[in-house]
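This report concerns only the one structure given below.
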Amino acid sequence: MITKELLREKIEVLVDPTCNKTLKETGGIRYVGIDDENNRAILIIALDKKDLDVAKQFKIAITKLVKLDLGFKGLKLELEDLTPKEKGTVLDKVRYIGIASGKGGVGKSTITANLAVTFARLGYKVGLIDADIYGPSIPNVLEMEIQNPKGTADEKIIPFNKFDVEVISTAFLIEDNRPLMWRGPMLNKILELFFYNVEWDSDLEYIFVDLPPGTGDVALDIQAFIPQCEIIVVTTPHPTAAKIAVKAGFGAKQLNHEIIGVIENMSYFQNPENDHHELIFGEGGGNSVAKQLGVPLLGKLEIAQPKADHHSIFKTDEPNGLVYLSIAKQILHKK
Ligand SMILES: Nc1ncnc2c1ncn2[C@@H]1O[C@H](COP(=O)(O)OP(=O)(O)OP(=O)(O)O)[C@@H](O)[C@H]1O
Ligand SMILES: [Mg+2]
33 MITKELLREK IEVLVDPTCN KTLKETGGIR YVGIDDENNR AILIIALDKK DLDVAKQFKI
93 AITKLVKLDL GFKGLKLELE DLTPKEKGTV LDKVRYIGIA SGKGGVGKST ITANLAVTFA
153 RLGYKVGLID ADIYGPSIPN VLEMEIQNPK GTADEKIIPF NKFDVEVIST AFLIEDNRPL
213 MWRGPMLNKI LELFFYNVEW DSDLEYIFVD LPPGTGDVAL DIQAFIPQCE IIVVTTPHPT
273 AAKIAVKAGF GAKQLNHEII GVIENMSYFQ NPENDHHELI FGEGGGNSVA KQLGVPLLGK
333 LEIAQPKADH HSIFKTDEPN GLVYLSIAKQ ILHKK
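Spelled out as structure tokens, the structure:
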């Protein structure tokens, strides 16, 4: 007499032909049941790809196992597709660096874009996910044209490229900059798409993630999508920004995300008229956040616009460009 447990054991070692992993490894066994009356096995199995040939090949293998080897008279088999998350992607070998702040408007998107470009300049293969789903600004910061991305044959999104950084943002998926109201299942779908269904360069090494502001559920739900994410917390010198940045840091810790360090943005203004070092937004925010979170202060960025060419991306020989380079080196040496 074959029990459900034994049947499951036998099914688990079958190989999903598209990814060459066992069903135990893919997690593709959805249901195992036995209809005793009709001596029938009932199975619901998810496969890596619902490719017809693959499904046919797999059906033959499973029918042989159930009927010939295990002696069942009948088989009721349902096949479905694995979720993008289950399929996994190249992303296992990628380091995810999320940029969080708590308070909005402190320079998160500017910093995410500049760090990604700095890594690309250093020769690394870099991607950027604009996970600020409701206020996507990365295409604007990088001065990219808004256009719909193309898809691959197996429905993956092909990211755009700017400054050798591969970029994906909800700004590319909506028309006329209409505000988004995605919640619940729809939000999950879009995040699944962003984190697990993008056709990145297969040699990608780093993905920078512009996280949404806020310390509430939505911000944390989005962060929770990338379990292996390392976090950089951005603050200004101002106590209010610092207080919320600490809260964001503790939120990340709750998700077991490692915090790499803190960046203090808009630290000071080097007045070109008199060369005074002016502390426009006060001082101490960066150090205070770093101390409370027990991580290093990675750098302080001055209040400045890039000198030429681009309105947000600094060159490496400008003071902020040098700070970005120093921060990049600290991130690289972290692993
Ligand atoms: N160091 C800086 N010096 C001068 N302006 C800056 C600096 N950093 C950012 N800014 C400007 O401040 C504004 C907000 O920056 P940014 O959009 O990067 O912040 P954010 O934290 O991503 O905001 P949001 O919460 O809206 O996503 C932008 O206009 C940006 O150009
Ligand atoms: Mg932003």
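Start counting the sequence shown at 33; every next residue gets the next number (the working numbering). Don't be surprised by glycine CBs; every beta carbon is placed ideally from N, CA and C.
Using C-beta distances below 7 Å, list every residue in its chain close to residue i, excluding the 5 sequence neighbours before and after it, in chain order.
i	result
L154	A360
T247	G134, I276, K279, A280, G283
F104	N71, R72, A73, V98
F257	L223, F227
V122	Below a pLDDT of 50, predicted positions are generally treated as unreliable, and V122, at 40, falls in that range; the measurement from the model is reported next regardless. So the list reads W232, S234, L236, once near-sequence residues are dropped.
Y356	N146, L147, T150, F346
Q337	H343
S358	G331
G309	Just to set this straight, residue 309 is His in the shown sequence, not Gly. Hits under 7 Å: Y300, Q302.
D341	none
G60	D48, I77, A78, L79, L114
S320	A274
E350	P338, K339
M218	none
N352	L333, E334, A336, F346
K42	L97, L102
T142	V173, S344
If you follow the beta strand (DSSP E) that residue i is in, where does it begin and where does it stop?
i	result
A380	Summary: the structure shown does not reach residue 380, with the chain confined to residues 33 through 367, and so no result is reported for it.
F192	192 to 194
V230	Looking at the DSSP string, V230 is not in any beta strand (DSSP E), and its letter there is neither H nor E.
V158	158 to 162
I131	127 to 132
V266	262 to 267
K332	329 to 332
V294	290 to 296
I239	238 to 242
L86	The sequence shown places Val at residue 86, rather than the Leu named in the question. No beta strand (DSSP E) holds V86; the alpha helix (DSSP H) holding it covers 84 to 95.
K347	No beta strand (DSSP E) holds K347; DSSP gives it neither H nor E.
Excluding the 5 residues flanking residue i on each side, which residues of the same chain have their C-beta closer than 8 Å to its C-beta?
i	result
K108	D67, R72, A73, I74, L75
E140	According to the sequence shown, residue 140 is Lys rather than Glu. Hits under 8 Å: I131, A132, S133, D164, D242, L243, P245, V266.
T54	E44, V45, L46, V47, D48
A322	G293, V294, P328, L329
K366	E262, I292
K91	L109, L111
Of all the options the options, which has the alpha carbon lying nearest to the alpha carbon of residue i?
i	options	result
I190	N220, L225, I206, D164	L225
G293	S299, L325, I312, E305	L325
R127	A78, G183, A93, E237	E237
Q147	K339, L330, D341	Just to set this straight, residue 147 is Leu in the shown sequence, not Gln. Closest by alpha carbon: L330.
V64	N52, K88, I77	I77
D113	S358, K91, L79	L79
R40	N52, I264, I94	I94
E57	E334, E118, E37	E118
M33	D101, F90, I92	D101
K125	I143, K96, K157	K157
N180	Y166, I200, I161	I200
G317	F204, T35, T272	T272
F313	L354, P269, K88, Q286	P269
I203	G183, G106, Y166	A small correction: the amino acid at residue 203 is Ala; Ile does not occupy that position in the sequence shown. For the residues G183, G106, Y166, the minimum Cα distance to A203 belongs to Y166.
E69	G106, L287, M176	G106
A286	E315, V138, D249, M298	Checking the displayed sequence, the identity of residue 286 turns out to be Gln instead of Ala. It is D249 whose Cα lies nearest to the Cα of Q286.
M176	E296, D162, L38	D162
L364	N52, A152, I254	A152
N297	T144, P259, I178, G183	T144
Following the continuous alpha helix (DSSP H) through residue i, name the residue where it begins and the one where it ends.
i	result
T150	140 to 153
Y356	351 to 365
L55	55 to 58
V173	170 to 173
I43	36 to 44
K285	271 to 286
K323	317 to 325
I66	Segment 61 to 67 is the beta strand (DSSP E) holding I66; no alpha helix (DSSP H) there.
V250	249 to 256
Excluding sequence positions up to five away, which residues of its chain have a Cβ less than 6 Å from the Cβ of residue i?
i	result
E110	I76
G159	E198, W232, L236, I239
V86	P49, T50
I263	G130, A132, A284, H289, I291
L252	G283
L311	Y300
Using a Cβ-Cβ distance cut-off of 7 Å, determine whether residue i contacts chain D.
i	result
I178	Absent from the structure: chain D. Only one protein chain is present.
Notebook entry, point to check: Counting Cβ pairs, one atom from each stretch, are 3 or more of them under 8 Å apart for the stretch 227 to 241 and the stretch 190 to 206?
Noted result: yes
Check: Are at least three pairs of beta-carbons, each pair with one atom in the stretch 168 to 177 and one in the stretch 287 to 305, less than 8 Å apart?
Finding: no
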